[in-house]
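Residue numbers (this note's numbering), protein chains in the order written: chain D, 446 to 776; chain B, 446 to 776. Glycine included, every Cβ here is placed at the ideal spot set by N, Cα and C. From a predicted model like this one, the values you see are computed outputs, not experimental measurements. Written below as structure tokens is the structure these notes are about.
Number of protein chains: 2
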Amino acid sequence: VRRRVEREPGELRFEPEPSELRKPLPSWKDGPVTDTIIRFVRRVTNPSGPNYVPPDERIAVFDSDGTLWCERPASALAFFVMRRLAEQAPENVDSPALRQLTQAARAGDYDMFQALDLRTLSDILVHTNAGLTSEQFTIQAHDFLGGALHPRFGIPFGQLTYRPMLELLAFLQGKEFRAFIVAGGAVEFVRASSEELYGVPQERVAGATVDYSSERLDGKILMIRTRTLLGEAGEGEAKVRSILQRLGRRPILAVGNSAGDHHLLEYTHSGVQSSLCLLIRHDDARREYAYSSGGSLEAAVRHGWTIVSMRDDFRRIFSTPNGSRREAPGR
Amino acid sequence: VRRRVEREPGELRFEPEPSELRKPLPSWKDGPVTDTIIRFVRRVTNPSGPNYVPPDERIAVFDSDGTLWCERPASALAFFVMRRLAEQAPENVDSPALRQLTQAARAGDYDMFQALDLRTLSDILVHTNAGLTSEQFTIQAHDFLGGALHPRFGIPFGQLTYRPMLELLAFLQGKEFRAFIVAGGAVEFVRASSEELYGVPQERVAGATVDYSSERLDGKILMIRTRTLLGEAGEGEAKVRSILQRLGRRPILAVGNSAGDHHLLEYTHSGVQSSLCLLIRHDDARREYAYSSGGSLEAAVRHGWTIVSMRDDFRRIFSTPNGSRREAPGR
């Protein structure tokens, strides 16, 4: 530990626990962003302060793709859907569009899948996994996350989570926050590994879910995935509705990266309690990707959200054991 | 502590923590039922045993009405719906059936509401609370639970939770179980107080939820309850589907009291892991109510579930501070 956390004089007495004396976000560079985060958490957890928020109201919501893990050149969900499509029996590929997509999947043409909206991607996910039990689906998702390799970094998708975000999740959990992940698409793919990847229990992943039907086999009940998706697989207001259906309560901390997250951040920011909104900026082409997301910077400035630069604020990017040394070939 | 927990010789070494040495279920009478519960928990939490279940798979599901709290002469939800209906402005009572129910509500005729199915009750709940924010609704629910009195016991509905079940929830939580409540009707009423009443976080209450719409006021976003109910407000298979949509995982422990819970218990019992199913039997007319629920006893015997007699297995019934002395008038 090279530097210690900045403290205001006299504030220490409110947080005497030794965990706070360690630097909580080691993969973040010290600066205004970590200051803002640490000050916010200190403020809402200080029981003698005017901004105190009791533990059961300390709700933090995180977007998934591009906020907690890499979403380029296509999301892990898109790659998973490709794999499952490529494995389908011909009789299961029953429409011309699906046949075209299956050909693209077999050819590894991920551009085609990157271009699909979340609703379509979620529909294909549901279609290609109908007939599985929840247990069988979880095995499929685990196999993919541990085995399929990212086309550029050559490491499993399950290791492309952002280490600074894992540290933020752990820091918040240590301060009695409950963290939720709001999936833009169907929740099941994220949920199958949320505990393993992020330490977030499955019931804290919000979004559209597949419907199940009941079957009996040898006197036992099996619940089988159908082709019906319940709820909305979408962004914007849909994400806020997802979190309210899951939780019924407004968050006080929200983290996102794209225009699809603006509504969630604005809603979080509209509460009467102290709130913190972070917008992740993908500006590191060397270590990850550089891309802009429709007006996000402008929205952040307009609303007073905190912009997190992956290039300037993250010491390390990925949680893979040698993630700090994985960079684009040729650089 | 008059009696100590029964132990098998040599088993103690697997659970050396001192909390286990205290009697975990003080409001339960010692006997085969508490033995079954404690042995089951010991079995699945023993890391060197063949039936070990890792913490993230220790899921327990509880039915709500009649399992965690009193549901007679009508459920707390029914009484809450009555109160909200009686408060409605005339222009909000826009159908003949609703006008009839409103008259019944004003007259305190709870028999009429007890007879309504969960779907109808949930629809009226949604109707009478449309236009509120989630925060406003939570205040309504809290006011009711703390202020409205049960017609027989004369104590607030929020104190009619069963003390032995609160102890069971706490015992399981101490053993790293995650407990879920599966509401037959709309979740919001249970969810508004699940943390306060049971120590169960809101996101662990499964069932149908109301949809929200977004409004802007003074540049801030408000999410307003609509009249649309998402998901099924029902029993039987609907409860299993609710838990899968919320969690995506099969429970290992299930507690219910009525025919509407059988499917959930059977599903829990159909897993490959060790499981425990408890059926609460309402057989104590003196301290609570005595009523049978369509074939529940027969189902329990057929499937090998454990029957919990409120008369014989509970020392105390309610969690109200003087709950053990509250009995039917005239006895």
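Interface with chain B (8 Å Cβ-Cβ cutoff): R649 (chain D) is included.
Ranking B:L590, B:A704, B:H727 and B:N491 by CA distance to the CA of T765 (chain B) puts B:L590 first. A residue is called buried once 16 or more other Cβ atoms fall within 10 Å of its Cβ, and K620 (chain D) is buried on that count. Interface flag for S567 (chain B) against chain D is unset, since no Cβ pair is found closer than 8 Å. By the rule that beta-carbons nearer than 8 Å mark a contact, G676 (chain B) touches chain D.
Residue pairing by DSSP places K665 (chain B) opposite B:L662 in a beta bridge. Shown here for F507 (chain B): same chain residues with a beta carbon closer than 6 Å to its own, the five before and five after excluded, namely L513, I626 and V700 in chain order. Closest option to R551 (chain D), judged by alpha-carbon separation, among D:P535, D:R670 and D:R564: D:P535. Contact annotation: E633 (chain B) and T654 (chain B) have beta-carbon atoms nearer than 8 Å. A direct Cα-Cα distance of roughly 29 Å separates T583 (chain B) from F616 (chain D).
Counted as a single uninterrupted DSSP element, the beta strand (DSSP E) harbouring S754 (chain D) occupies residues T751 to S754. Nearest Cα to A631 (chain D) within the set D:L614, D:E680, D:I669 and D:A744: D:E680. Here A586 (chain D) is buried, its C-beta having at least 16 other C-beta atoms within 10 Å. With respect to chain B, the C-beta atom of K620 (chain D) has no partner C-beta closer than 8 Å.
With a 10 Å radius around the Cβ and a threshold of 16 neighbouring Cβ atoms, A745 (chain D) comes out buried. Taking all protein chains shown into account, T673 (chain B) has fewer than 16 neighbouring C-beta atoms within 10 Å of its C-beta and is therefore exposed. Annotation: L530 (chain D) to Q545 (chain D) spans about 11 Å, alpha carbon to alpha carbon. Between H748 (chain D) and L566 (chain D), the alpha-carbon positions lie close to 31 Å from each other. A straight-line Cα-Cα distance of about 15 Å links P477 (chain B) and P469 (chain B). The straight-line gap separating the alpha-carbon atoms of L543 (chain D) and I600 (chain D) is approximately 29 Å. Within the stretch 669 to 694 of chain B, the residues whose Cβ lies closer than 8 Å to any Cβ of chain D are, in chain order, L675, G676, E682, V685, R686, L689, Q690, R691, L692, G693 and R694. For the stretch 734 to 749 of chain D, there are no residues whose beta carbon sits under 8 Å from a beta carbon of chain B.
In the three-state reduction of the DSSP assignment, D729 (chain D) falls in the coil class, being assigned neither a helical nor a strand state. For the pair V645 (chain D) and L692 (chain B), the Cα-to-Cα distance works out to about 12 Å. For S738 (chain B), same chain residues with a beta-carbon under 7 Å away, outside a window of 5 residues either side, are N702, S703 and A704 in chain order. The beta carbon of E640 (chain B) sits closer than 7 Å to those of P646 and Q647, all from its chain and outside the five residues before and after it, given in chain order.
One alpha carbon belongs to Y643 (chain D), the other to R649 (chain D), and they sit about 11 Å apart. Considered as a whole, the stretch 489 to 553 of chain D harbours 504 to 508 as its complete beta strand (DSSP E) runs of no fewer than 3 residues, in chain order. Interface flag for E532 (chain B) against chain D is unset, since no Cβ pair is found closer than 8 Å. The Cβ atoms of R517 (chain B) and Y734 (chain B) sit closer than 8 Å to each other.
By the rule that beta-carbons nearer than 8 Å mark a contact, T573 (chain D) does not touch chain B. The criterion of a C-beta distance shorter than 8 Å is satisfied by S472 (chain B) and F759 (chain B). Those residues of the stretch 486 to 499 of chain B placed with their C-beta closer than 7 Å to a C-beta in chain D do not exist.
Spatial neighbours of V486 (chain B) in its own chain (CB-CB distance under 6 Å, excluding positions within 5 residues in sequence) are listed in chain order as K620.
For L698 (chain D), the uninterrupted beta strand (DSSP E) run begins and ends at L698 to G701, by DSSP.
Contact between A523 (chain D) and P696 (chain D) does not hold, since the beta-carbon distance rounds to 27 Å and is not under 8 Å.
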